[in-house]
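Structure record follows, encoded as structure tokens.
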Amino acid sequence: MRAGVFRGVRQMPIEQVPDPVAGEADIVLNVRNCGVCGSDLHPYAQGVFGDVGQIMGHEFSGEVIEVGRRVTGITVGDRVTGLPIQPCGRCRRCRESIGHLCEVWNTRSIAFGLPGAFAERVRIPDAVLGQNVHRLPDTVSFEAGALVEPLAVAVHAVRHTEPRPGQVAVVLGLGTIGLHIAQVLLAAGVAPVIGVDLSALRRQVAQQLGITVVDGAADVPAAIAELLDDGEVDVVFEATGAPALLQRALELVRPRGLVMAVALYEQPAQLNATVVVHKEATVRGSAMVTPEDFRDSIELLATGKARYEPLITHRKPLDELAEAFEAQLDADKSVKVMVTTGDA
Ligand SMILES: [Zn+2]
Ligand SMILES: [Zn+2]
Numbered sequence: 009m010r011a012g013v014f015r016g017v018r019q020m021p022i023e024q025v026p027d028p029v030a031g032e033a034d035i036v037l038n039v040r041n042c043g044v045c046g047s048d049l050h051p052y053a054q055g056v057f058g059d060v061g062q063i064m065g066h067e068f069s070g071e072v073i074e075v076g077r078r079v080t081g082i083t084v085g086d087r088v089t090g091l092p093i094q095p096c097g098r099c100r101r102c103r104e105s106i107g108h109l110c111e112v113w114n115t116r117s118i119a120f121g122l123p124g125a126f127a128e129r130v131r132i133p134d135a136v137l138g139q140n141v142h143r144l145p146d147t148v149s150f151e152a153g154a155l156v157e158p159l160a161v162a163v164h165a166v167r168h169t170e171p172r173p174g175q176v177a178v179v180l181g182l183g184t185i186g187l188h189i190a191q192v193l194l195a196a197g198v199a200p201v202i203g204v205d206l207s208a209l210r211r212q213v214a215q216q217l218g219i220t221v222v223d224g225a226a227d228v229p230a231a232i233a234e235l236l237d238d239g240e241v242d243v244v245f246e247a248t249g250a251p252a253l254l255q256r257a258l259e260l261v262r263p264r265g266l267v268m269a270v271a272l273y274e275q276p277a278q279l280n281a282t283v284v285v286h287k288e289a290t291v292r293g294s295a296m297v298t299p300e301d302f303r304d305s306i307e308l309l310a311t312g313k314a315r316y317e318p319l320i321t322h323r324k325p326l327d328e329l330a331e332a333f334e335a336q337l338d339a340d341k342s343v344k345v346m347v348t349t350g351d352a
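Counting from 9, one number per residue, gives the positions in the sequence shown under the numbering used here.
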């Protein structure tokens with residue numbers, strides 16, 4: 009089959025690789041869609057957080073074409089999406105039932121150790137329906153199915169903040185994860201949800217989704233204060249990955265408030281810890297997704313409480329994977345670049 013293989017900084021050729029074969033406990037999908045993730049850009053553009061030789065692609069949907077003999081409840085022809093993270097089930101984190109933080113996940117997960125879905129087909133090992141395989145309702149297209157994973161990442165991050173009506177939230181960075189976080193917050197009754205980004209395109213998409221926007225080039229604290237009268241910001245999500253903005257998030261949040269970091273930082277961030285102390289603030293991270301996040305994400309898409317169409321700015325066939333990555337790199341002109349495989 010054809011697959012895009014990461015061969016070094018800004019090198020993503022399409023190569024012929026062996027077809028995946030389902031073992032007894034596995035399934036194989038015909039990939040229909042796979043989104044380019046902001047996290048894919050760290051290896052692609054900077055050579056960090058990823059290995060040469062890896063087939064990336066962890067936001068995928070497809071049709072089941074092969075089912076191992078020990079797999080139950082999944083049939084050839086099922087329309088599904090899958091969790092990329094494959095916990096080992098044996099390490100300390102897995103035994104604590106926080107398998108998404110498995111100590112060896114990145115050696116055994118789809119697109120992290122195992123081949124990803126920027127390919128014609130992908131194998132899901134140890135396939136269990138409702139765990140690492142989720143059926144798409146008829147109302148959820150393959151394209152939406154490829155956005156279940158990033159929406160689930162947002163669901164996971166928002167869950168940590170116990171969202172409720174009356175809360176005020178700020179989201180720094182309106183890429184796919186930031187936009188999805190804002191949508192999940194709005195669905196939970198948090199209002200206003202104020203999104204900040206430098207990109208006019210991303211602010212425009214955010215406005216279509218009901219998010220209040222502030223230009224990242226403006227005096228952001230003043231602009232937010234103006235929007236809130238005397239209100240305060242309960243939680244700030246940092247979704248840009250710019251180290252300096254973690255400190256900004258800390259300055260924006262109210263005393264006893266929560267700063268939630270959801271990006272990957274290529275450089276260490278400096279935080280004024282005295283502000284953390286004086287505010288009794290919490291600075292927390294959110295990583296990965298769980299099967300529960302996937303279920304909630306599919307529900308949000310199926311009910312229209314989260315929308316995905318406005319996020320897709322580019323559609324590219326698998327053969328143009330390098331162009332897809334280049335398009336995703338241009339934050340001014342892209343939100344989500346969607347790769348289409350076969351006749352999707
Ligand atoms: Zn991702
Ligand atoms: Zn584990």
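Backbone N, C-alpha and C fix where the C-beta goes; we use that ideal spot for every residue, glycine too.
Paired residues, beta bridge with residue i - DSSP
| i | result |
| --- | --- |
| Met346 | Gly43, Arg323 |
| Phe245 | Val179, Met268 |
| Gly121 | Ser117 |
| Ala127 | Ala11 |
| Val228 | Partner(s): none; Val228 has no beta bridge. |
| His286 | Per DSSP, none; premise fails for His286. |
| Arg143 | Val88 |
| Val36 | Glu74, Arg131 |
Residue i (DSSP reduced to helix, strand or coil)
| i | result |
| --- | --- |
| Leu206 | coil |
| Ala281 | helix |
| Ala352 | Here Ala352 scores only 46 on pLDDT, less than 50, and its place in the model should not be relied on; the value that follows carries that caveat. The answer is coil: DSSP assigns Ala352 none of H, G, I, E or B. |
| Leu137 | strand |
| Glu234 | helix |
| His164 | helix |
| Val276 | The amino acid at residue 276 is misidentified as Val; the sequence shows Pro. Coil at Pro276, not helix or strand. |
| Ala332 | helix |
| Arg211 | helix |
| Arg303 | helix |
| Glu23 | strand |
| Ala199 | coil |
| Pro173 | coil |
| Val156 | helix |
| Asp48 | helix |
| Pro263 | strand |
| Asp338 | coil |
| Leu309 | helix |
| Pro28 | coil |
Segment limits, alpha helix (DSSP H) that includes residue i
| i | result |
| --- | --- |
| Leu258 | 252 to 260 |
| Glu240 | Note, Glu240: premise wrong, no alpha helix (DSSP H); not H, not E. |
Extent of the continuous beta strand (DSSP E) to which residue i belongs
| i | result |
| --- | --- |
| Glu151 | Glu151 -> not in any beta strand (DSSP E); alpha helix (DSSP H) instead, spanning 150 to 153. |
| Ala177 | 177 to 180 |
| Phe188 | Sequence inspection shows His at residue 188; the Phe mentioned does not correspond to that position. His188 -> not in any beta strand (DSSP E); alpha helix (DSSP H) instead, spanning 184 to 195. |
| Arg18 | Premise fails: Arg18 is in no beta strand (DSSP E) and is neither H nor E. |
| Thr298 | Neither: Thr298 is in no beta strand (DSSP E) and is coded neither H nor E. |
| Arg292 | 290 to 293 |
| Thr220 | 220 to 223 |
Contact with chain D by residue i, beta-carbon distance below 8 Å
| i | result |
| --- | --- |
| Thr115 | In the structure shown, chain D cannot be found, because there is only a single protein chain. |
* Asked: What runs of the beta strand (DSSP E), each 3 residues or longer, lie entirely inside the segment 50 to 119?
  -> 68 to 75, 87 to 90
* **Residues with C-beta closer than 5 Å to any heavy atom of ligand 1, in chain order** => Cys45, Ser47
* To do: Kindly provide the chain-ordered list of residues whose Cβ lies closer than 7 Å to any non-hydrogen atom of ligand 2.
  => Pro95, Cys96, Gly97, Arg98, Cys99, Arg101, Cys102, Gly107, Cys110, Glu111, Val112, Trp113
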